[in-house]
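Q: Going by the numbering used here, the sequence shown opens with residue 2, and the numbers climb by one from there. Positions of the beta carbon are idealized from the N, C-alpha and C atoms, including for glycine. Bear in mind that the values here come from a model prediction, so they are computed numbers and not experimental data.
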Amino acid sequence: VLDFDVMVSDFDQDIRCLLEQWGYSCEEDAGGKTPLFLQAQDPHFNPFQWNEWPNGTRVLNVNTGFMVIRNSPRTRDLWGQYIATCTANQTNWGNIWFWDQGYWNKDIRWRMKEHEMVVLPCEQANGFRWVVNHEPGWGCGGRYITHGWMFGKQHVAYEMLRRLMVVWTSRVNDLWQHKEVAKEELFPFLYPGGSSGKKAPG
2 VLDFDVMVSD FDQDIRCLLE QWGYSCEEDA GGKTPLFLQA QDPHFNPFQW NEWPNGTRVL
62 NVNTGFMVIR NSPRTRDLWG QYIATCTANQ TNWGNIWFWD QGYWNKDIRW RMKEHEMVVL
122 PCEQANGFRW VVNHEPGWGC GGRYITHGWM FGKQHVAYEM LRRLMVVWTS RVNDLWQHKE
182 VAKEELFPFL YPGGSSGKKA PG
């Protein structure tokens, strides 16, 4: 699950290796302690700390940016409870900012066993890398995952476009240098089925 203003800070980063580093293996744990969900914490200084529940308890996360969810019966059960609550409270879901993520962290998350949830430091997975001087207490620079939060969303879009253009320009240059490059490799977004083995003209 990914917000539109989130991106991997380094496009060359192997996502599977990153998940392994975070303790979220793609393989199930033989001992029955497989993590089911992975998400990042908010900045230490949460600008939305006013967003509290009526009983005075503070929401743990209001804008995690992304979640990794493992397909399993237990996961589907927890996610089903979450969706059912959101569907039954459409007014809140549609009109109260961050109500959906707030409910997830306040209620659903506490139904899990400790090993079922991997929580990442904000500095690694919920930061904004273009902010040099953070507000006191933020301390989030987007080391692995960049999240636009409330500002700089355009920077995320520009950076993604810039990096894609660098990759595509390099591939077009390979054609100009008369290197044999399959058209499916040159423009994979036009050929989702993969390479046919035919080479672009040199």
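Report the CB separation of V120 from Q40 in whole angstroms; it is logged as a contact under 8 Å.
A: So it is a contact: roughly 6 Å between Cβ atoms.
Q: Just reading off the alpha helix (DSSP H) that T35 is part of, what are its end residues?
A: Premise fails: T35 is in no alpha helix (DSSP H) and is neither H nor E.
Q: Smallest Cα separation from Q22: which of E185, G128, Y145 and W150?
A: It is Y145 whose Cα lies nearest to the Cα of Q22.
Q: Which stretch, first to last residue, makes up the alpha helix (DSSP H) that contains I16?
A: Per DSSP, I16 belongs to the alpha helix (DSSP H) from I16 to Q22.
Q: Mark W111 as exposed unless 16 or more other C-beta atoms lie within 10 angstroms of its C-beta, in which case mark it buried.
A: By the neighbour-count rule (16 or more Cβ atoms within 10 Å), W111 is not buried but exposed.
Q: Does DSSP put M113 in a helix, in a strand, or in coil?
A: M113: coil per DSSP, three-state reduction.
Q: Answer with yes or no whether the minimum CB distance from D101 to chain B is below 8 Å.
A: Annotation note: the requested chain B is absent from the structure, which comprises a single protein chain.
Q: Pop quiz: F38 and M68 are said to be a contact at Cβ under 8 Å. What is the actual Cβ separation, rounded to whole angstroms?
A: About 6 Å separates the two Cβ atoms, so the contact holds.
Q: Output the distance between the C-alpha atoms of C27 and W80, rounded to the nearest integer angstrom.
A: Whole-angstrom Cα-Cα distance: 19 Å.
Q: Output needed for D11: all residues of its chain with C-beta closer than 8 Å, excluding positions within five of it in sequence on either side, in chain order.
A: Here the set comprises Y145.
Q: C204: which of R75, T76, R77 and W100 sits nearest, CA to CA?
A: Residue 204 falls outside the range modelled here, since the chain spans only 2 to 203, and no answer is possible.
Q: Going by Cα to Cα distance, which pick from V167, E29, C123 and G33 is closest to V63?
A: The shortest C-alpha separation from V63 is found at C123.
Q: Mind reading off the beta-carbon distance from D6 to H148? Whole number of angstroms is fine, and I expect it under 8 Å.
A: The Cβ separation is near 6 Å, so the contact holds.
Q: Find the nearest neighbour of L19 within the set A126, W150 and Q155, judged by alpha-carbon distance.
A: Checked all of A126, W150 and Q155; the closest Cα to L19 is A126.
Q: Alpha carbon to alpha carbon, what distance is there between A31 and H116?
A: Straight-line Cα distance between these residues: approximately 13 Å.
Q: Looking at the secondary structure, which residues open and close the beta strand (DSSP E) in which T65 lies?
A: No beta strand (DSSP E) holds T65; DSSP gives it neither H nor E.
Q: Decide if Q178 is buried, meaning its Cβ has at least 16 other Cβ atoms within 10 Å, or exposed.
A: With fewer than 16 Cβ atoms within 10 Å of its Cβ, Q178 is classed as exposed.
Q: For the beta strand (DSSP E) that contains L121, what are its first and last residues?
A: Per DSSP, L121 belongs to the beta strand (DSSP E) from M118 to L121.
Q: In the DSSP assignment, the beta strand (DSSP E) including V7 goes from what residue to what residue?
A: Note, V7: beta strand (DSSP E), V7 to V9.
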